[in-house]
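Shown next, in structure tokens, is the structure this report addresses.
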Amino acid sequence: MRVLVLAALFPCAAMADSVVATRTIKAQTIVTAQDLATVPADIIGALTATDAGVGLEAKVTLYAGRPVHAADLESPALIQRNQVVSVVYQVAGLTIRTDGRALERGGAGAVIKVMNLSSHMTVQGAVAPDGSVRVGPNPQE
25 MRVLVLAALF PCAAMADSVV ATRTIKAQTI VTAQDLATVP ADIIGALTAT
75 DAGVGLEAKV TLYAGRPVHA ADLESPALIQ RNQVVSVVYQ VAGLTIRTDG
125 RALERGGAGA VIKVMNLSSH MTVQGAVAPD GSVRVGPNPQ E
């Protein structure tokens, strides 16, 4: 009875689950469900559900047994460095397309540098889900 009263007066901190890597995952590798596991620990900044990391790409090497943070993962790269890509400028019904060379790799939504193959000018644009790079006043559209 006394133990019950003490437990009511001094509640234990609830343990949250944290996500850890089950094996060493090299950078630029797509994470699968078998690569992640949850442990009963409250690790600051770590993912709390394995679903949050599945299908994403590791930015850095993730080591077995170590916590996985959201900053360690990004959307999978659609464009590789030095790849020839379609550069699209679109504004008010006007669309201009040209070829460019990606100077960085990036996934959908990432802002990367691209060199226009015609003018050799370097521009920044957002990677679209179709693998093209959008430049201009609203590159995210």
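Numbering (this note's numbering), first residue to last: 25 to 165.
Here a beta-carbon is modelled for each residue, glycine too, at the ideal position from N, C-alpha and C.
Take THR48, set aside five residues on each side of it, and the residues of its chain with a beta-carbon closer than 6 Å to its own are TYR87, ALA88, in chain order. Taking the Cα positions, PRO64 is about 26 Å away from ALA51. At a Cβ-Cβ threshold of 8 Å, ILE67 and SER99 do not count as neighbours.
If you draw a straight line from the Cα of VAL112 to the Cα of THR62, it comes to about 42 Å. Inter-residue distance for GLU81 and LEU71 is about 14 Å (C-alpha atoms, whole angstroms). As computed with DSSP, VAL108 is found in a beta bridge with ARG125. With 16 or more other Cβ atoms from the protein chains shown falling within 10 Å of its own Cβ, ARG158 counts as buried.
Contact between ALA126 and VAL138 holds: their C-beta atoms lie close to 6 Å from each other, under 8 Å. Distances from the CA of THR74 to each of LYS83, ALA57, VAL84, ARG90 were compared; the closest alpha carbon is that of ALA57.
The C-alpha of THR119 is placed about 16 Å away from the C-alpha of VAL109.
Straight through space, the alpha carbons of ALA101 and ALA95 are spaced by roughly 15 Å.
The C-beta of VAL84 has fewer than 16 other C-beta atoms within 10 Å across all chains shown, which makes the residue exposed.
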